[in-house]
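Colleague:
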Amino acid sequence: MDAFSLDMRTLNFIIILFSCVYCIGLLLYQRSQQKVAGLTMFSLALLVMGTGPLLISFRGLLPEFLTVITANMLIACAFQMILHSLCEFRQSKLKYSYWCMTTIPLVFLSFVYFTYYQASIENRIVAITSYLALVTLVSARVMSVGKQQDLPLAVRTMVLTFVLYGSFMVYRSYYAISGEAIVQFMDAGFVHSMAFLLSIFLIVSISFSMLWMINGRQVKAINALSYFDPLTQLGNRRALEVYIEEDLPKQLARGTNVSVIMLDIDFFKMINDRYGHIAGDKVIRKVSDIIQDSLNGGNTTFRFGGDEIMVVLYDMDLHQARALAEQLRLRVEKYGNIKGEEFSISCSFGVAQLVDDESWDSLVGRADKALYEAKESGRNKVCSCTLTSLDMRYA
Numbered sequence: 001m002d003a004f005s006l007d008m009r010t011l012n013f014i015i016i017l018f019s020c021v022y023c024i025g026l027l028l029y030q031r032s033q034q035k036v037a038g039l040t041m042f043s044l045a046l047l048v049m050g051t052g053p054l055l056i057s058f059r060g061l062l063p064e065f066l067t068v069i070t071a072n073m074l075i076a077c078a079f080q081m082i083l084h085s086l087c088e089f090r091q092s093k094l095k096y097s098y099w100c101m102t103t104i105p106l107v108f109l110s111f112v113y114f115t116y117y118q119a120s121i122e123n124r125i126v127a128i129t130s131y132l133a134l135v136t137l138v139s140a141r142v143m144s145v146g147k148q149q150d151l152p153l154a155v156r157t158m159v160l161t162f163v164l165y166g167s168f169m170v171y172r173s174y175y176a177i178s179g180e181a182i183v184q185f186m187d188a189g190f191v192h193s194m195a196f197l198l199s200i201f202l203i204v205s206i207s208f209s210m211l212w213m214i215n216g217r218q219v220k221a222i223n224a225l226s227y228f229d230p231l232t233q234l235g236n237r238r239a240l241e242v243y244i245e246e247d248l249p250k251q252l253a254r255g256t257n258v259s260v261i262m263l264d265i266d267f268f269k270m271i272n273d274r275y276g277h278i279a280g281d282k283v284i285r286k287v288s289d290i291i292q293d294s295l296n297g298g299n300t301t302f303r304f305g306g307d308e309i310m311v312v313l314y315d316m317d318l319h320q321a322r323a324l325a326e327q328l329r330l331r332v333e334k335y336g337n338i339k340g341e342e343f344s345i346s347c348s349f350g351v352a353q354l355v356d357d358e359s360w361d362s363l364v365g366r367a368d369k370a371l372y373e374a375k376e377s378g379r380n381k382v383c384s385c386t387l388t389s390l391d392m393r394y395a
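Going left to right, the sequence shown walks through residues 1 to 395 as full-length UniProt numbering numbers them.
1) Could one say the Cβ of residue 207 lies closer than 8 Å to chain B's Cβ atoms, at least one of them?
2) How many whole angstroms separate the CB atoms of residue 399 and residue 78, which I take to be in contact at a CB cut-off of 8 Å?
3) What do you reckon, are the CB atoms on residue 265 and residue 291 nearer than 8 Å?
4) Just verifying my parser: in three-state terms, what is the DSSP assignment at residue 118?
5) Quick one: what's residue 312 bridged to in DSSP?
6) Whole-angstrom Cβ separation of residue 33 and residue 43, contact assumed at under 8 Å?
7) Would you list the residues sitting across from residue 351 in a DSSP beta bridge?
8) By how many angstroms is the C-alpha of residue 215 removed from the C-alpha of residue 395?
9) Whether or not the region 228-238 and the region 259-277 are in contact is what I'm after, with contact meaning three or more pairs of Cβ atoms, one per stretch, closer than 8 Å; do they touch?
10) Taking all protein chains shown into account, decide if residue 150 is buried (16 or more other Cβ within 10 angstroms of its Cβ) or exposed.
11) Closer than 8 Å by C-beta to residue 228: which residues in its own chain qualify, once you throw out the five before and the five after it? Chain order, please.
12) Closest to residue 211 by CA distance: which of 197, 324, 157 is it?
13) At the level of alpha carbons, what is the spacing between residue 130 and residue 173?
14) Work out the CA separation of residue 293 and residue 329 for me, nearest whole Å.
15) So, under 8 Å CB-CB, residue 348 and residue 379 are touching, yes? Tell me the CB distance rounded to an integer number of Å.
16) Looking at residue 100 and residue 134, is the spacing between their C-beta atoms short of 8 Å?
17) With a Cβ-Cβ cutoff of 8 Å, do residue 307 and residue 256 count as a contact?
18) According to DSSP, is residue 50 helix, strand or coil?
19) Between which residues of its own chain and residue 67 is the CB-CB distance below 7 Å, once the five residues before and five after are set aside?
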């Protein structure tokens with residue numbers, strides 16, 4: 001093993017250095033960006049993790065309570081903090097953290113006993129490695145079951161890191177019991193030196209994975225701004241263009257009926273002029289919420305522009321689409337009141353069904369003509385337009 005010997009003092013110094021650098025970097029990142037749940041505690045955990053080895057490096061110069069008990073308890077607390085921060089970051093249940101937290105007093109009592117009453121480096125190693133194995137494997141579980149939608153590859157990378165580290169801690173615990181007696185911890189064998197090396201790997205890997213997931217969330221948020229209207233959370237015109245290019249051809253290839261509902265808020269300009277644009281925004285948001293709540297997940301809704309909303313319907317012919325539009329009209333009329341405002345809300349609807357060999361622009365044009373007719377005939381109505389005759393039929 002001499003050819004593969006690792007100097008524990010050097011590895012100890014690297015752990016301290018990496019812990020401080022990553023802690024400072026992540027804290028500065030947290031300060032400069034929108035707050036990320038769990039990131040502050042995660043960053044401080046790295047600093048605490050580096051403080052433990054710092055005290056260990058003074059073994060023989062400072063009291064054993066500091067260099068043995070306090071040092072290892074700091075390491076244990078650091079891993080506990082990482083677990084708790086990941087529960088917050090991944091939106092996992094905090095019970096995982098609380099369960100592991102209950103074992104910390106046992107680790108402390110074990111260190112006190114095997115330091116002052118029955119001195120045994122091997123048993124102290126078993127105590128701390130058993131705890132670290134438990135916490136890291138539970139951390140892997142927390143990462144796996146978290147509700148937050150993060151990049152799968154980044155999540156798997158952190159899970160694999162924790163599983164690898166936890167598995168090694170299990171082996172190290174067994175090795176400490178069955179291996180040779182340890183006289184000086186800093187001169188222990190290759191396996192114990194590997195624990196320091198794996199700790200460095202752990203710090204780098206989980207810090208990188210954390211930033212990877214945060215970056216993925218930011219990209220997702222930017223993507224959402226690009227494809228969704230911030231006021232209504234409906235798809236915007238860009239999202240509609242993507243739908244026309246990618247999703248619509250798939251529906252047509254399956255022979256699915258595709259219909260379109262165009263709706264417009266009645267007297268919206270008057271509401272804006274008389275009650276202000278804030279009231280107008282409330283109206284648009286209210287109508288959007290009613291439409292979304294009334295539709296199932298198989299349909300797609302877009303803010304077409306201004307106060308116009310488009311609903312794309314799958315597996316619905318013109319008659320079914322008209323019936324749905326009438327239901328939506330009644331729901332807007334019934335639930336469209338806004339608390340604190342004097343006016344009521346109603347909408348006009350235009351409906352059209354896509355026919356064979358018809359272009360998308362033609363379909364939207366017919367729905368728009370039907371909407372125009374509904375508004376011209378008194379508003380708060382549903383009209384439809386066929387391709388052949390462009391005759392209007394009123395609800």
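Quick reminder that beta carbons are idealized off the backbone N, C-alpha and C, glycines included.
Predicted model only: the values in this text are computed from it and were never measured.
Modeller: On the basis of the coordinates in this document:
1) Structure shown: chain B not included; a single protein chain is present.
2) Absent from the structure is residue 399, since the part of the chain shown begins at 1 and ends at 395.
3) Here residue 265 corresponds to residue number 265 of the sequence shown, with the count starting at 1. Here residue 291 corresponds to residue number 291 of the sequence shown, with the count starting at 1. Taking 8 Å as the Cβ cut-off, residue 265 and residue 291 do not qualify as a contacting pair.
4) Taking the first residue of the sequence shown as 1, we reach residue 118 at position 118. Residue state, collapsed to three classes: coil.
5) Counting from 1 along the sequence shown, the entry for residue 312 is found at position 312. Secondary-structure assignment with DSSP links residue 312 through a beta bridge to 260, 300.
6) Looking up residue 33 in the sequence shown gives position 33. Looking up residue 43 in the sequence shown gives position 43. About 13 Å separates the Cβ atoms of residue 33 and residue 43, ruling out a contact at the 8 Å cut-off.
7) Residue mapping note: residue 351 aligns to position 351 of the sequence shown, counting from 1. Beta-bridge pairing links residue 351 to 261, 384.
8) If you number the sequence shown from 1, residue 395 lands on position 395. If you number the sequence shown from 1, residue 215 lands on position 215. Residue placement at residue 395 is poorly supported in this model, since its pLDDT is 44, which falls under 50; the coordinates are not used for a value here.
9) No, the region 259-277 is not in contact with the region 228-238.
10) By one-based count along the sequence shown, residue 150 stands at place 150. Label assigned to residue 150: buried.
11) Within the sequence shown, residue 228 is the residue found at index 228, counting from 1. Cβ neighbours of residue 228 beyond the five flanking positions: 234, 235, 236, 239.
12) By 1-based counting over the sequence shown, the position of residue 211 is 211. Out of 197, 324, 157, 157 has the C-alpha closest to the C-alpha of residue 211.
13) For the purposes of this step, residue 130 is taken as the residue at position 130 of the sequence shown. For the purposes of this step, residue 173 is taken as the residue at position 173 of the sequence shown. C-alpha separation (whole angstroms): 7 Å.
14) Start at 1 with the first residue of the sequence shown, and residue 329 comes out as number 329. Start at 1 with the first residue of the sequence shown, and residue 293 comes out as number 293. Here the C-alpha atom of residue 329 lies approximately 13 Å from the C-alpha atom of residue 293.
15) Mapped onto the sequence shown, residue 348 falls at position 348. Mapped onto the sequence shown, residue 379 falls at position 379. Confirmed, Cβ separation roughly 5 Å.
16) Numbered from its first residue, the sequence shown carries residue 134 at position 134. Numbered from its first residue, the sequence shown carries residue 100 at position 100. Contact flag set, yes.
17) As a first step, residue 307 must be located in the sequence shown, where it is residue number 307. As a first step, residue 256 must be located in the sequence shown, where it is residue number 256. In this structure, residue 307 sits away from residue 256, with a CB-CB distance that is not shorter than 8 Å.
18) Taking the sequence shown and counting its residues from 1, one reaches residue 50 at position 50. Residue state, collapsed to three classes: helix.
19) The sequence position of residue 67 within the sequence shown is 67, counting from 1. When the five nearest sequence neighbours on each side are left out, the beta carbons in the same chain lying within less than 7 Å of the beta carbon of residue 67 are those of 55, 56, 58, 59, in order along the chain.
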